[in-house]
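Reading through the C-alpha cells given below for one structure.
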Amino acid sequence: MKKVSFLQTVIALVKKDAQLELRQQYALYGVILYMASTIFVIYLLHGRPEATMWNSLFWISQLFAATNAIAKSFLQESKGKLLYYYTISGAVPLITSKIIFHVGLMLCMNLISILLFALFLGNPVLYLPYFLLLSSAGAMGLAILFTFLAAIAAKAQQQAAIMAIMGFPLLIPQLLLLQKLSLVAFSSVVQQGFWQLWGTLLGFQFLVVALAVILFPFLWKD
Amino acid sequence: MMKQSWWKWLAFIFLMYTCIAGFLVKVPEPPGVPLKESIRNFFFHVPMWFSMMILLGVSFWYSILALNKKHPYADFYAHVYAQTGVLFGCAGIATGAIWANYQWGSPWSGDPKQNGAAIAILIYLAYFVLRGAITDIDKRGKVAAVYNIFAFFMLFPTLWILPRLTTSLHPGGQGSEGNPALNGADMTPTLRMVFYPAVIGWTLLGTWISTLFIRVKILQEKKLSNV
Numbered sequence: 007m008k009k010v011s012f013l014q015t016v017i018a019l020v021k022k023d024a025q026l027e028l029r030q031q032y033a034l035y036g037v038i039l040y041m042a043s044t045i046f047v048i049y050l051l052h053g054r055p056e057a058t059m060w061n062s063l064f065w066i067s068q069l070f071a072a073t074n075a076i077a078k079s080f081l082q083e084s085k086g087k088l089l090y091y092y093t094i095s096g097a098v099p100l101i102t103s104k105i106i107f108h109v110g111l112m113l114c115m116n117l118i119s120i121l122l123f124a125l126f127l128g129n130p131v132l133y134l135p136y137f138l139l140l141s142s143a144g145a146m147g148l149a150i151l152f153t154f155l156a157a158i159a160a161k162a163q164q165q166a167a168i169m170a171i172m173g174f175p176l177l178i179p180q181l182l183l184l185q186k187l188s189l190v191a192f193s194s195v196v197q198q199g200f201w202q203l204w205g206t207l208l209g210f211q212f213l214v215v216a217l218a219v220i221l222f223p224f225l226w227k228d
Numbered sequence: 045m046m047k048q049s050w051w052k053w054l055a056f057i058f059l060m061y062t063c064i065a066g067f068l069v070k071v072p073e074p075p076g077v078p079l080k081e082s083i084r085n086f087f088f089h090v091p092m093w094f095s096m097m098i099l100l101g102v103s104f105w106y107s108i109l110a111l112n113k114k115h116p117y118a119d120f121y122a123h124v125y126a127q128t129g130v131l132f133g134c135a136g137i138a139t140g141a142i143w144a145n146y147q148w149g150s151p152w153s154g155d156p157k158q159n160g161a162a163i164a165i166l167i168y169l170a171y172f173v174l175r176g177a178i179t180d181i182d183k184r185g186k187v188a189a190v191y192n193i194f195a196f197f198m199l200f201p202t203l204w205i206l207p208r209l210t211t212s213l214h215p216g217g218q219g220s221e222g223n224p225a226l227n228g229a230d231m232t233p234t235l236r237m238v239f240y241p242a243v244i245g246w247t248l249l250g251t252w253i254s255t256l257f258i259r260v261k262i263l264q265e266k267k268l269s270n271v
C-alpha cells in the first residue's frame, strides 16, 4: 500500500468537501439566500444605517451566516461515513481539512455579504482594502471556531441549537476585537493599541486551531 | 474526623474572621477617593472572583483527567466544580452590583469587566446545557470534558487580556496600574491581613460545597447502576 502524506490526505478531504458542496448546490444557495434575506430584512427595518451601526449589523449577520453554513457540515454526514473517513484518514487530517474547507467557504460568504451590504445598506467603508483584509480575518476566526463547535454539537442531540448556544458566548471576545478594529475602516481615527488588538485576534485564532487539533481526536475515539 | 476535615475548620475560622474583622478593621481613607466604608465589600466581592477562577480551574483539571480516563468520576467532579464556580460568579456579580450601585450610580454600567463576567457565566451555562443534552454517560463525559477544556482556554483570555485593552471603571484598565482584578499596590497592610484569609476561606467554602454535591451525585449514580 502506498504511504500517503498528511498533506495529501488533507488535500483529498478538502477536495471531497468542495465537490460535495458543488454537487449539492441547493445547500450553498440556501446559505447565500439566507444571508441575502437577512440583509434585506435589516434594510427594510432600518433603511441605510450610519457607519458604526452598519459595522455592528455586518458582524451580526456574519455570525448568523457562519452558524448556518457550518452547522450542517458534520450533521449532513451520517455516522457510518464519518467512521469511514476516520479509519482511512485519522482524526487530525479530518479536522484540518474541515477547518480549511470552512475557512474557504466563509471567505466566499464574506465577499458576497460585503457586496450585498453595499447594495442594500450603502457603503460607508472608507478604506476598502483594509476592511476586506479585516473581514477575511474575521470570517476565518468564525469558520475555525464554528467548525470545532460543529464537531462537538454533532455528538449531542438538538445539534443546531446547541451550536448557537455554545458559539455565541465563545465568539464575543473575537467579535469585540473585530468591531474595534473595523472602526478604523470607517473614519480616519487612530485606534489605540492597534497592533496589540491585531495580535490578540490572531493569537485567539491560533489558539482555537491548536485546541481543535488537540481535542478532536478525543471526541471521535468511540 | 477532626483530622480529616481540618480544612473545613480552616474555612470556618477564616470566614468568621473575614466577617468580623472585615467590618471592624480601620480602612484607609485616601484623600480624593470616595470609597469610604464601601471598601469593606472588597473582602467579599473580590474573593468571589478568585474563588470562581480557582474552582473553574479545578473543573478544567478534572476534565483533563476525564479525557485521560485517570479518574472514574472525573466528569462528575468537573461538572460540580463548574457549578460551584458559576455560583461564586453569580455571587460576585451580585456583590459587585451592590457596590457599583453606590459607587458608580447604577448596578450595571456595561464596564468591560462586568461584561467579561457575564460572558464567563454564559459560557458555563452552555456547558451545562450541552452536558444535559447527552444521555449516554460515556459520551457525555467525553464531549463535556472537551467543551470544558476548550471553554477554559477561551474564557481566560477574555478575563485577563481584553479588560487590559480598554478603559474601565474598575482598577487595572487601560492606562492604569495593576492586573484586571485589583491594583495590588493600593492595598494597605490591614486590607491585606483580611483579604488573603478571605480568599482562602471562600475558596475552601467552595470546595466544601462541591465535595458535598459530588458525594450526593456519586451515591445517586451508584444507586442507579445497581437497580
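Sequence lines, in order, name chains E and Y. Position one of the first sequence corresponds to residue 7 (this note's numbering), numbered consecutively onward. Position one of the second sequence corresponds to residue 45 (this note's numbering), numbered consecutively onward. Every residue, glycine too, gets a C-beta built ideally from N, C-alpha and C.
Interface flag, residue i vs chain E, CB-CB below 8 Å
i               : result
V187 of chain Y : yes
L166 of chain Y : yes
T202 of chain Y : yes
V190 of chain Y : yes
A170 of chain Y : yes
F104 of chain Y : no
L109 of chain Y : no
F88 of chain Y  : no
K113 of chain Y : no
M198 of chain Y : yes
A122 of chain Y : no
G136 of chain Y : no
Interface flag, residue i vs chain Y, CB-CB below 8 Å
i               : result
T206 of chain E : yes
A162 of chain E : yes
M172 of chain E : yes
P130 of chain E : no
L100 of chain E : no
L225 of chain E : yes
I105 of chain E : no
L213 of chain E : yes
L51 of chain E  : no
I150 of chain E : no
L221 of chain E : yes
I48 of chain E  : no
I178 of chain E : yes
L233 of chain E : Residue 233 of chain E is absent from the structure shown; chain E starts at 7 and stops at 228.
I168 of chain E : yes
L69 of chain E  : no
F200 of chain E : no
L182 of chain E : yes
L217 of chain E : yes
F210 of chain E : yes
Cut-off 7 Å between Cβ atoms - residues of its own chain near residue i, not counting five sequence neighbours on either side
i               : result
R175 of chain Y : H123, R184, A188
F107 of chain E : V20, D23, A24
W252 of chain Y : K52, A55
L213 of chain Y : W148, S153, D155
F12 of chain E  : P99
T15 of chain E  : S95, P99
Y61 of chain Y  : P241
L249 of chain Y : A55, L59
Best match in the options for proximity to residue i [C-alpha to C-alpha]
i               : options                        : result
L127 of chain E : E:M59, E:M112, E:Y136          : E:M59
I150 of chain E : E:V215, E:L139, E:Q180         : E:V215
S62 of chain E  : E:F224, E:S43, E:S84, E:F123   : E:F123
K266 of chain Y : Y:I181, Y:K186, Y:T234         : Y:I181
A71 of chain E  : E:V37, E:P55, E:L51, E:V219    : E:V37
S79 of chain E  : E:A156, E:W226, E:L189, E:V196 : E:A156
F210 of chain E : E:Y40, E:F224, E:G144, E:L125  : E:G144
Chain-ordered neighbours of residue i on chain B, where CB pairs are closer than 8 Å
i              : result
A77 of chain E : No chain B appears in the structure shown, which is made up of the protein chains E and Y.
Proximal residues to residue i (C-beta, below 8 Å), its chain only, five neighbours per side dropped
i               : result
I142 of chain Y : N85, P151
F104 of chain Y : A122, N192, I193, F196
L206 of chain Y : P156, G160
Sequence-distant residues of its chain with Cβ nearer than 6 Å to residue i (five each side left out)
i               : result
A191 of chain E : V131, Y133, Y136, F137
Q30 of chain E  : none
L100 of chain E : Y91
I168 of chain E : A159, A162
A111 of chain Y : For the record, residue 111 of chain Y in the displayed sequence is Leu; it is not Ala. Hits under 6 Å: A189.
L203 of chain Y : G160
A138 of chain Y : none
S141 of chain E : N116
- [ ] With a floor of 3 residues, list each beta strand (DSSP E) that falls wholly inside the stretch 60-110 of chain Y, ordered by position along the chain.
- [x] For the beta strand (DSSP E) assignment, the stretch 60-110 of chain Y encloses no uninterrupted run of at least 3 residues.
Task: Whole alpha helix (DSSP H) elements within the stretch 9-80 of chain E, 4-residue minimum - done: 12-29, 31-52, all fully within the stretch 9-80 of chain E.
Task: Runs of beta strand (DSSP E) lying entirely within the stretch 243-270 of chain Y, each at least 3 residues, in chain order - done: The qualifying runs do not exist here; there are none.
Open item on the list: Give the list of continuous alpha helix (DSSP H) stretches no shorter than 4 residues that lie fully inside the stretch 114-183 of chain E.
Closed with: Qualifying alpha helix (DSSP H) stretches, in chain order: 134-159.
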